[in-house]
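Please read the structure below before turning to the comments.
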Amino acid sequence: MYSLPEPIRHAIESGRAPSPPQVLLRLLQMVDDDSTTMASLATLVEQDPGLCTRVLTAANSSAIRRGKQFSSIESCLMALGTRLVRSIATCLSVQSLFDERTATRSVDLSAFWTHSLLIAELSRSLATSSGYPRPDEAYLAGLLHDVGELILLSALGEPYLKLLAACADEAELSARESEQLGVHHGEIGTWLADQWHLDSSFADGILFHHAPAEQIVTAAQLPQLVWLAHQLSSCDEVPDELERLAGQMFGDCGNGALSASRDGAEQRMRVFADAIGIAPPERSRQAGAGGLPRVLGVRQPAPDSAAERQMAAIIGDKALLQPLQQDLCTLESDAELLLALREAARILFDLNQLAFLLCDTADGRLTARDIAGQAPIFRQVSILPEAQRSLAASAALSGEICSSYDQALPPATSLMDVQFARAFASSGLLCIPMLGRSRTVGVIVAGLTADQHQRLGHRRSGLINFGRIAGVTLESWRESQSARKESEEKAAAQFARRTRRAVHEAGNPLTIIKGYLRILDSKLPQDAGVHHELSVLGEEIERVASIVRRMSEVPASREDEQTVDVGELIRELLLLYRETLFDSRGIAVESAVPGKPVRVACDRDSIKQILLNLWKNASEALSRGERFELSLTDDVLHQGHRFAELRLQDNGPGMNEAAMAALHRSSQGPLGAARGGRGMGLAIVGTLAQQLGIPVTCRSKPGHGTMISLLLPADRAERRGKSEAKPN
1 MYSLPEPIRH AIESGRAPSP PQVLLRLLQM VDDDSTTMAS LATLVEQDPG
51 LCTRVLTAAN SSAIRRGKQF SSIESCLMAL GTRLVRSIAT CLSVQSLFDE
101 RTATRSVDLS AFWTHSLLIA ELSRSLATSS GYPRPDEAYL AGLLHDVGEL
151 ILLSALGEPY LKLLAACADE AELSARESEQ LGVHHGEIGT WLADQWHLDS
201 SFADGILFHH APAEQIVTAA QLPQLVWLAH QLSSCDEVPD ELERLAGQMF
251 GDCGNGALSA SRDGAEQRMR VFADAIGIAP PERSRQAGAG GLPRVLGVRQ
301 PAPDSAAERQ MAAIIGDKAL LQPLQQDLCT LESDAELLLA LREAARILFD
351 LNQLAFLLCD TADGRLTARD IAGQAPIFRQ VSILPEAQRS LAASAALSGE
401 ICSSYDQALP PATSLMDVQF ARAFASSGLL CIPMLGRSRT VGVIVAGLTA
451 DQHQRLGHRR SGLINFGRIA GVTLESWRES QSARKESEEK AAAQFARRTR
501 RAVHEAGNPL TIIKGYLRIL DSKLPQDAGV HHELSVLGEE IERVASIVRR
551 MSEVPASRED EQTVDVGELI RELLLLYRET LFDSRGIAVE SAVPGKPVRV
601 ACDRDSIKQI LLNLWKNASE ALSRGERFEL SLTDDVLHQG HRFAELRLQD
651 NGPGMNEAAM AALHRSSQGP LGAARGGRGM GLAIVGTLAQ QLGIPVTCRS
701 KPGHGTMISL LLPADRAERR GKSEAKPN
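The sequence shown begins at 1 in the working numbering and counts up one residue at a time.
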């Protein structure tokens, strides 16, 4: 992993890559449009280095990444989900209007933006023509090759602005950066790519784009592609030496192929720029300045009074936090809510390292056992509500922000705080209480340096309001979930009572009718030709009575049912329900069902009910552009018996623990007792699965989709044995 000088690393921790306002405006319009797909959103994000940086940082955070590598923007957006992307877009847009670090300068990013997009398009074109297997990776590396300039501009402010103004081209800028800062923008971008855990050759493409020609020929293919794209963008005519060098690296490119690639890339760049509303510079200007952020002038801010500065900070924070509060109200789980708060803190306050501790309602202890994506130390602790235990406990008790840099420090530093700071690799902590309407809901624990703490000094009121919004939203969400669950349980109980009453009332006349039929049968002469018809009529009335008795029950499995071809059943149901449940909602369906019969020893109607409930839940949970996969595998051996595995998988928002628990609930419990976020259907699936002897496995995490596996018994004896083993 690439390392940076310590002062520079601390400085860029608060740096952010700004985006042109035209791009942010288009992003806001797209996230507010329900017809926008993830693919179209990815197309926009892939055109702007600033947005790419934000999305890659968010998707590769520990809370979402979970061991996966997201190298494409679309996969990052899919992992984040539509609601979190909307929240990020709102925060970015509003923050760009009230960021005091950009208010005192005027920088035109048009040339930088078009230059980055040109290098990206050209890198992908060269990758395709040279046979590089991942052209989209080359595109992304080209787009981000100069992202270090944006980070340094944001983090260092006026000193870097003056450095930009004094440089005529990128080569001079890179040399001056190394001389004055000890690091150049390519190294900054490389360090950032390493934080995203991307392939090392991707980061090398950013690092080596200023390498000398005699060195680049010894590099891997991806850095060579970005380097060549960068060279082609800075010349009007392709020199013979560059043609020869390209041939040495990639083989004979053909006469005029490089010029054609550059012209095509430039044409595509201009189409994108025109669509967004950015005027690209002339090629002569590109060749000279190389796409540097253009300094229009530096305006020294007039000295403000302390009151004016404080008032500006309060107004700015209110403007920042109001849209955040509106977005948080649309989220559908506490995991989604915490993810949105994490990204909002990163964008609005530059708090890149943070964790959440929630207060136990019983004894007030601070814990994080059920919160994923945090350092292991936070899942291991249970902090008593005593101020000396930790800064987090002190913040929870006082309702005030506490930090390692406060003037009134406790007499002895808590070792718990030392462990938290080590987990963040930071020198200190900032603890923000999450205040609900009547109690403290939890604490946001952030790792930060002394410089970061000083920069946040005048935004203390904004941090307090941020914690209050987090606390009230979490409290409201939990209250609504509790009220919804209570309401559903009451409705289910009321329905069950009414059903039992209806069954009882319907049973009486049916019993009377059966009695009259027996009397009529006994009174008719033996040679009357209607005895058989009366017998059939009696059987049908008994069947109706049986159906009525089962109205409030989940259908029981029928042991005398013949085996069913589950593959054929799946195809039939897809034919009937695919359009309604999936296609009409824009959800892609992928099915892998064998053409040969796959017979299982299960009741056909029960399997149908299981499938329809799971499909309906998936249809309701998934959004347009997401994917639902269905696969069937036969001859699966499990504990010495044969099964067919039916697997259903999606890339949606995931399921909460209560919903997953419903799949394993007791078949004797009431249907309303264990419902989760996806409704009664999962409880029915769990009950039917137990009755049929079907082992169920479920894996689901917020933001990472859901996988449900059903092992359908192919051996009737195995199913019967499991059923008989259950207590009556």
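For every residue, glycine included, the Cβ atom is placed at its ideal position computed from N, Cα and C.
Since we're looking at a predicted model, the values are computed, not measured.
Check: With Asp263 as the anchor, note down where its alpha helix (DSSP H) starts and where it stops.; Outcome: Ala257 to Ile276
Check: Touch check for the segment 119-132 and the segment 259-272: three-plus C-beta pairs under 8 Å?; Outcome: yes
Check: Can you pull the DSSP bridge partners for Asp650?; Outcome: Phe628 and Thr706
Check: Look up Asp48 in the DSSP assignment and give the residues it is bridged to.; Outcome: According to DSSP, which records beta bridges pairwise, Asp48 is partnered with nothing at all.
Check: Spell out the partners DSSP gives Glu590 in its beta bridges.; Outcome: Glu629
Check: Applying the criterion that 16 or more other CB atoms from any shown protein chain within 10 Å of the CB defines a buried residue, is Leu415 buried or exposed?; Outcome: exposed
Check: Run through DSSP, which three-state label would Asp108 get?; Outcome: strand
Check: Return the Cβ separation of Gln22 and Ile216 in integer angstroms, given the expectation that the two are a contact with Cβ distance under 8 Å.; Outcome: With 8 Å as the limit, Gln22 and Ile216 do not qualify as a contact, their Cβ atoms being about 34 Å apart.
Check: By DSSP's criteria, Ile444 is part of a beta bridge. Which residues make up the other side?; Outcome: Phe356 and Ile432
Check: Locate the beta strand (DSSP E) running through Ser426, then write down its first and last residues.; Outcome: Premise fails: Ser426 is in no beta strand (DSSP E) and is neither H nor E.
Check: Would Thr413 be called buried (16 or more neighbouring beta carbons within 10 Å of its own) or exposed?; Outcome: exposed
Check: Identify the residues that DSSP records as bridge partners of Arg643: which are they?; Outcome: Reading off the sequence, residue 643 comes out as Phe, not Arg. Its beta-bridge partners are Val636 and Pro713.
Check: Going by DSSP, what residue range makes up the alpha helix (DSSP H) through Arg550?; Outcome: Looking at the DSSP string, Arg550 is not in any alpha helix (DSSP H), and its letter there is neither H nor E.
Check: State the Cα-Cα distance for the pair Leu337 and Ile88, rounded to the nearest angstrom.; Outcome: 12 Å
Check: By the 10 Å Cβ neighbour count, where 16 or more other Cβ atoms means buried, how is Glu149 classified, buried or exposed?; Outcome: buried
Check: Between Gly247, Glu241 and Ser233, which has its C-alpha nearest Asp263's C-alpha?; Outcome: Ser233
Check: Can you grab the Cα-Cα spacing for the pair Pro597 / Leu611, in whole Å?; Outcome: 18 Å
Check: Please go through the same chain and pick out, in chain order, the residues whose beta-carbon is closer than 6 Å to the beta-carbon of Leu430, but skip the five residues on each side of it.; Outcome: Ser403, Ala446 and Leu448
Check: Ignore the nearest five residues each way along the sequence and tell me which others in Val226's own chain have a CB closer than 8 Å to its CB.; Outcome: Ile119, Ser123, Ala138, Ala141, Gly142, His145, Gly205, Ile206, Phe208 and His209
Check: Return the chain-ordered ranges of every beta strand (DSSP E) run that is complete within the segment 114-190 and spans a minimum of 3 residues.; Outcome: none
Check: Rounded to a whole number of angstroms, what is the C-alpha to C-alpha distance between Glu620 and Ser709?; Outcome: 19 Å
Check: Reducing DSSP to helix, strand and coil, say where Thr732 ends up.; Outcome: The question about residue 732 has no answer here: the residues shown for the chain are numbered 1 through 728.
Check: Alpha carbon to alpha carbon, how far is Trp477 from Glu179?; Outcome: 53 Å
Check: Alpha carbon to alpha carbon, what distance is there between Ala166 and Pro702?; Outcome: 48 Å
Check: CB Ile444 to CB Leu354, shorter than 7 Å?; Outcome: yes
Check: Between which two residues does the beta strand (DSSP E) containing Val696 stretch?; Outcome: Val696 to Ser700
Check: Can you list, in chain order, the residues of its chain with a C-beta nearer than 7 Å to that of Ala545? Leave out the 5 residues immediately preceding and following it.; Outcome: Gly507 and Leu510
Check: Here's a check: name, in chain order, each residue in its chain whose Cβ is nearer than 8 Å to the Cβ of Pro303, leaving out the five neighbours to either side.; Outcome: Residue placement at Pro303 is flagged as unreliable, the pLDDT there being 46, under the threshold of 50; the coordinate-derived value follows with that caveat. Same-chain partners within the cutoff: there are none.
Check: Please report the distance separating the alpha-carbon of Leu622 from that of Ser390.; Outcome: 41 Å
Check: Can you give the Cα-Cα distance for Phe753 and Leu351, rounded to whole angstroms?; Outcome: Outside the displayed range of the chain (1 to 728) lies residue 753, so it cannot be described from this structure.
Check: Give me whichever residues DSSP pairs with Leu599 in a beta bridge.; Outcome: Note that residue 599 corresponds to Arg in the displayed sequence, not to Leu. According to DSSP, which records beta bridges pairwise, Arg599 is partnered with Asp565.
Check: Distance check for Ala661 and His504, CA to CA, integer angstroms please.; Outcome: 33 Å
Check: In whole angstroms, what separates the C-alpha of Gln419 from that of Ser427?; Outcome: 11 Å
Check: If the criterion is Cβ atoms closer than 7 Å, does the pair Gly654 and Thr706 meet it?; Outcome: yes
Check: Which residues in the same chain have their Cβ closer than 7 Å to the Cβ of Met78, if we skip the five residues on either side of it in sequence?; Outcome: Met38 and Asn651
Check: Ser480 by DSSP, collapsed to three states: which one?; Outcome: helix
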